[in-house]
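If you read the sequence shown in UniProt numbering, its first letter stands for residue 1, the second for the next number, and so on.
Built from N, CA and C at the ideal position, the CB exists for glycine as well.
This structure is a prediction, so every number in the text was calculated from the model and none was measured.
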Amino acid sequence: MHATYLLINLLSAIVPFLFSFYPAIRFDKQFRTFFIGNFLAAVCFIAWDVIFTSLNIWGFNHRYTLGFNLFNLPGEEVLFFICIPFACVFTYHCFNTFYNITWPVWLVKTIVVALAVVLLTIGLVQHNKAYTAVSFISTGILLLALLFVFKVKWLPGFLTIYPLLLVPFFIVNGILTGTGLQQPVVWYNNAENTGIRVLTIPVEDFIYAMELLLLNLFFFEKLKSISVKQSQVA
1 MHATYLLINL LSAIVPFLFS FYPAIRFDKQ FRTFFIGNFL AAVCFIAWDV IFTSLNIWGF
61 NHRYTLGFNL FNLPGEEVLF FICIPFACVF TYHCFNTFYN ITWPVWLVKT IVVALAVVLL
121 TIGLVQHNKA YTAVSFISTG ILLLALLFVF KVKWLPGFLT IYPLLLVPFF IVNGILTGTG
181 LQQPVVWYNN AENTGIRVLT IPVEDFIYAM ELLLLNLFFF EKLKSISVKQ SQVA
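And the structure:
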(Lines of atoms letter the chains of each structure in order from A and count residues from 1; the text may use other names and numbers.)
(Lines give C-alpha, C1' and ligand atoms only; values in the text may rest on other atoms or scores of the structure.)
Protein backbone atom coordinates (compact mmCIF):
# COMPACT_ATOMS: atom_id res chain seq x y z
CA MET A 1 0.00 0.00 0.00
CA HIS A 2 1.46 3.33 -1.05
CA ALA A 3 0.31 5.05 2.16
CA THR A 4 2.16 2.60 4.45
CA TYR A 5 5.12 4.84 5.31
CA LEU A 6 2.85 7.86 5.80
CA LEU A 7 0.58 5.91 8.14
CA ILE A 8 3.55 4.70 10.19
CA ASN A 9 4.63 8.32 10.70
CA LEU A 10 1.17 9.63 11.53
CA LEU A 11 0.28 6.79 13.89
CA SER A 12 3.57 7.32 15.72
CA ALA A 13 2.77 10.96 16.41
CA ILE A 14 -1.01 11.16 16.73
CA VAL A 15 -1.35 9.98 20.35
CA PRO A 16 1.51 12.18 21.65
CA PHE A 17 0.02 15.12 19.74
CA LEU A 18 -3.45 14.66 21.23
CA PHE A 19 -2.13 14.20 24.76
CA SER A 20 0.07 17.30 24.38
CA PHE A 21 -2.99 19.38 25.33
CA TYR A 22 -3.79 17.37 28.46
CA PRO A 23 -3.77 19.84 31.42
CA ALA A 24 -1.20 17.89 33.43
CA ILE A 25 1.17 17.64 30.45
CA ARG A 26 0.72 20.77 28.27
CA PHE A 27 3.49 19.86 25.86
CA ASP A 28 1.71 22.21 23.45
CA LYS A 29 3.38 25.07 25.33
CA GLN A 30 6.70 23.68 24.12
CA PHE A 31 5.67 23.29 20.47
CA ARG A 32 7.59 26.35 19.29
CA THR A 33 10.72 25.26 21.14
CA PHE A 34 10.43 21.71 19.88
CA PHE A 35 9.81 22.54 16.23
CA ILE A 36 12.67 25.04 16.00
CA GLY A 37 15.05 22.56 17.61
CA ASN A 38 13.65 19.72 15.55
CA PHE A 39 14.26 21.70 12.36
CA LEU A 40 17.92 22.13 13.29
CA ALA A 41 18.32 18.43 14.06
CA ALA A 42 16.33 17.35 11.01
CA VAL A 43 18.56 19.38 8.67
CA CYS A 44 21.56 17.36 9.86
CA PHE A 45 19.84 14.00 9.44
CA ILE A 46 18.22 14.84 6.12
CA ALA A 47 21.62 15.87 4.74
CA TRP A 48 23.04 12.55 5.97
CA ASP A 49 20.07 10.74 4.45
CA VAL A 50 20.44 12.45 1.07
CA ILE A 51 24.13 11.52 0.86
CA PHE A 52 23.65 7.89 1.90
CA THR A 53 20.68 7.46 -0.45
CA SER A 54 22.70 8.85 -3.36
CA LEU A 55 25.48 6.37 -2.54
CA ASN A 56 23.01 3.45 -2.36
CA ILE A 57 23.95 2.77 1.25
CA TRP A 58 20.22 2.56 1.84
CA GLY A 59 17.11 3.26 -0.17
CA PHE A 60 13.33 3.16 -0.23
CA ASN A 61 10.70 0.85 -1.63
CA HIS A 62 8.30 3.09 -3.54
CA ARG A 63 5.65 0.43 -3.26
CA TYR A 64 5.03 1.90 0.21
CA THR A 65 5.35 5.64 -0.53
CA LEU A 66 3.03 8.12 -2.23
CA GLY A 67 5.58 9.25 -4.80
CA PHE A 68 6.22 12.79 -3.56
CA ASN A 69 9.96 13.37 -3.28
CA LEU A 70 11.93 16.10 -1.52
CA PHE A 71 15.72 16.33 -1.87
CA ASN A 72 15.50 13.01 -3.72
CA LEU A 73 13.96 11.44 -0.61
CA PRO A 74 10.37 10.26 -0.23
CA GLY A 75 8.32 12.94 1.51
CA GLU A 76 7.51 10.34 4.15
CA GLU A 77 11.21 10.01 4.98
CA VAL A 78 11.44 13.74 5.63
CA LEU A 79 8.27 13.52 7.74
CA PHE A 80 9.91 10.70 9.72
CA PHE A 81 12.42 13.21 11.14
CA ILE A 82 9.53 15.24 12.54
CA CYS A 83 7.03 12.63 13.73
CA ILE A 84 9.42 10.24 15.47
CA PRO A 85 11.39 12.92 17.38
CA PHE A 86 8.08 14.55 18.33
CA ALA A 87 6.88 11.33 19.96
CA CYS A 88 10.25 10.81 21.66
CA VAL A 89 10.63 14.33 23.04
CA PHE A 90 6.98 14.23 24.17
CA THR A 91 7.83 11.09 26.17
CA TYR A 92 10.89 12.80 27.63
CA HIS A 93 8.74 15.83 28.58
CA CYS A 94 6.16 13.61 30.29
CA PHE A 95 8.77 11.82 32.38
CA ASN A 96 10.29 15.13 33.44
CA THR A 97 6.83 16.45 34.27
CA PHE A 98 5.72 13.55 36.44
CA TYR A 99 9.01 12.28 37.85
CA ASN A 100 12.11 13.79 39.37
CA ILE A 101 14.71 11.91 37.35
CA THR A 102 18.04 11.91 39.16
CA TRP A 103 21.05 9.66 38.67
CA PRO A 104 24.38 9.74 40.53
CA VAL A 105 26.79 11.90 38.54
CA TRP A 106 29.47 9.20 38.63
CA LEU A 107 27.06 6.65 37.16
CA VAL A 108 26.01 8.95 34.30
CA LYS A 109 29.65 9.69 33.46
CA THR A 110 30.61 6.02 33.64
CA ILE A 111 27.80 4.88 31.35
CA VAL A 112 28.24 7.70 28.83
CA VAL A 113 32.03 7.37 28.62
CA ALA A 114 31.88 3.57 28.39
CA LEU A 115 29.21 3.74 25.71
CA ALA A 116 31.16 6.36 23.75
CA VAL A 117 34.36 4.30 23.91
CA VAL A 118 32.56 1.18 22.69
CA LEU A 119 30.90 3.08 19.84
CA LEU A 120 34.12 4.79 18.76
CA THR A 121 36.05 1.53 18.89
CA ILE A 122 33.50 -0.37 16.80
CA GLY A 123 33.18 2.53 14.38
CA LEU A 124 36.93 2.70 13.84
CA VAL A 125 37.29 -1.07 13.50
CA GLN A 126 34.44 -1.08 10.96
CA HIS A 127 35.72 2.03 9.16
CA ASN A 128 35.20 0.39 5.76
CA LYS A 129 31.45 0.06 6.39
CA ALA A 130 29.91 3.50 5.91
CA TYR A 131 26.70 3.13 7.94
CA THR A 132 28.45 1.47 10.86
CA ALA A 133 31.39 3.87 10.90
CA VAL A 134 29.43 7.11 10.53
CA SER A 135 26.63 6.24 12.97
CA PHE A 136 28.86 4.77 15.68
CA ILE A 137 31.64 7.37 15.49
CA SER A 138 29.34 10.41 15.27
CA THR A 139 27.20 9.17 18.17
CA GLY A 140 30.29 8.47 20.29
CA ILE A 141 31.63 11.95 19.63
CA LEU A 142 28.24 13.52 20.36
CA LEU A 143 27.98 11.70 23.70
CA LEU A 144 31.41 12.92 24.79
CA ALA A 145 30.65 16.46 23.62
CA LEU A 146 27.38 16.55 25.56
CA LEU A 147 29.12 15.31 28.70
CA PHE A 148 32.40 17.22 28.67
CA VAL A 149 31.95 20.21 26.33
CA PHE A 150 28.32 21.25 26.75
CA LYS A 151 28.02 19.65 30.21
CA VAL A 152 24.29 19.08 29.79
CA LYS A 153 22.22 18.16 32.83
CA TRP A 154 19.56 16.12 31.05
CA LEU A 155 21.54 12.94 30.34
CA PRO A 156 19.80 11.08 33.23
CA GLY A 157 16.50 11.76 31.45
CA PHE A 158 17.91 10.42 28.21
CA LEU A 159 19.34 7.31 29.89
CA THR A 160 15.94 6.69 31.47
CA ILE A 161 13.72 7.04 28.41
CA TYR A 162 15.94 5.55 25.70
CA PRO A 163 15.49 1.94 26.89
CA LEU A 164 11.73 2.54 27.20
CA LEU A 165 11.53 3.99 23.70
CA LEU A 166 13.05 0.80 22.34
CA VAL A 167 9.60 -0.81 22.67
CA PRO A 168 7.88 1.45 20.09
CA PHE A 169 11.18 1.52 18.18
CA PHE A 170 10.94 -2.24 17.62
CA ILE A 171 7.43 -1.81 16.25
CA VAL A 172 8.11 1.16 13.96
CA ASN A 173 11.55 0.15 12.73
CA GLY A 174 10.50 -3.45 12.55
CA ILE A 175 7.76 -2.59 10.06
CA LEU A 176 10.03 -0.23 8.13
CA THR A 177 12.65 -2.96 7.75
CA GLY A 178 10.15 -5.58 6.63
CA THR A 179 8.47 -7.20 9.63
CA GLY A 180 4.94 -8.12 8.59
CA LEU A 181 5.42 -6.86 5.03
CA GLN A 182 6.25 -8.67 1.81
CA GLN A 183 9.17 -6.29 1.28
CA PRO A 184 10.91 -3.71 3.53
CA VAL A 185 9.96 -0.04 3.29
CA VAL A 186 13.63 0.84 3.79
CA TRP A 187 16.36 -1.39 2.37
CA TYR A 188 20.04 -1.47 3.32
CA ASN A 189 23.21 -2.28 1.42
CA ASN A 190 24.70 -4.89 3.75
CA ALA A 191 28.17 -4.21 2.38
CA GLU A 192 28.00 -0.91 4.30
CA ASN A 193 26.91 -2.28 7.68
CA THR A 194 27.85 -5.15 9.97
CA GLY A 195 25.03 -7.34 8.71
CA ILE A 196 23.93 -7.94 12.31
CA ARG A 197 20.18 -7.59 12.73
CA VAL A 198 17.77 -7.82 15.63
CA LEU A 199 14.84 -9.49 13.88
CA THR A 200 14.79 -7.38 10.70
CA ILE A 201 16.42 -4.26 12.20
CA PRO A 202 20.11 -3.53 11.50
CA VAL A 203 21.98 -3.01 14.77
CA GLU A 204 23.15 0.36 13.40
CA ASP A 205 19.55 1.61 13.52
CA PHE A 206 19.63 1.46 17.32
CA ILE A 207 22.60 3.85 17.37
CA TYR A 208 21.12 6.03 14.62
CA ALA A 209 17.94 6.36 16.70
CA MET A 210 20.00 7.19 19.77
CA GLU A 211 21.79 10.00 17.95
CA LEU A 212 18.51 11.33 16.53
CA LEU A 213 17.06 11.50 20.05
CA LEU A 214 20.22 13.05 21.54
CA LEU A 215 20.41 15.82 18.96
CA ASN A 216 16.72 16.67 19.28
CA LEU A 217 16.99 16.77 23.08
CA PHE A 218 20.10 18.95 22.85
CA PHE A 219 18.39 21.61 20.74
CA PHE A 220 15.13 21.31 22.69
CA GLU A 221 16.78 21.85 26.07
CA LYS A 222 19.12 24.55 24.75
CA LEU A 223 16.29 26.58 23.26
CA LYS A 224 14.14 26.03 26.34
CA SER A 225 16.87 27.41 28.60
CA ILE A 226 17.30 30.43 26.31
CA SER A 227 13.55 31.05 26.46
CA VAL A 228 13.56 30.87 30.26
CA LYS A 229 16.46 33.35 30.49
CA GLN A 230 14.72 35.76 28.14
CA SER A 231 11.50 35.62 30.17
CA GLN A 232 13.44 36.31 33.37
CA VAL A 233 15.10 39.37 31.81
CA ALA A 234 11.75 40.63 30.55
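Buried versus exposed call for residue i [16 or more other C-beta atoms within 10 Å across all chains shown]
i    : result
I51  : exposed
H127 : exposed
L18  : exposed
W106 : exposed
V186 : buried
T177 : buried
P202 : buried
H62  : exposed
N190 : exposed
Y99  : exposed
P163 : exposed
F68  : exposed
P74  : buried
A209 : buried
Y22  : exposed
K129 : buried
A116 : buried
Cβ shell of residue i (< 6 angstroms), same chain only, five flanking positions each side left out
i    : result
H2   : L66
R197 : none
I122 : F136
E204 : Y131, T132, S135, N193
Y188 : W58, P202
F27  : S20, F90, H93
W103 : P156
A42  : F81
Close beta carbons around residue i, own chain, < 7 angstroms, minus the five adjacent residues each side
i    : result
F220 : T33, F34, G37, V89
N9   : E76, L79, F80, C83
S227 : T33
N96  : G157
W154 : L217, E221
I161 : T91, Y92, F95
Three-state class that DSSP yields for residue i in the structure shown
i    : result
Y92  : helix
R26  : coil
Y5   : helix
V185 : coil
F60  : strand
P202 : strand
Bridge partners - residue i, DSSP secondary structure assignment
i   : result
L73 : L70
R32 : R32 pairs with nothing; no bridge assigned.
Same chain, Cβ closer than 8 angstroms to residue i, five either side skipped, listed in chain order
i    : result
L120 : F136, I137, G140, I141
K224 : Q30, T33
I111 : L159
T53  : G59, F60, N72, L73
C44  : L215
* Given 8 angstroms, three or more beta-carbon pairs between the region 145-157 and the region 168-180 -> no
* Asked: So does the region 68-87 actually touch the region 209-219, counting three or more Cβ pairs closer than 8 angstroms?
  -> Cβ pair count under 8 angstroms is three or more, so yes.
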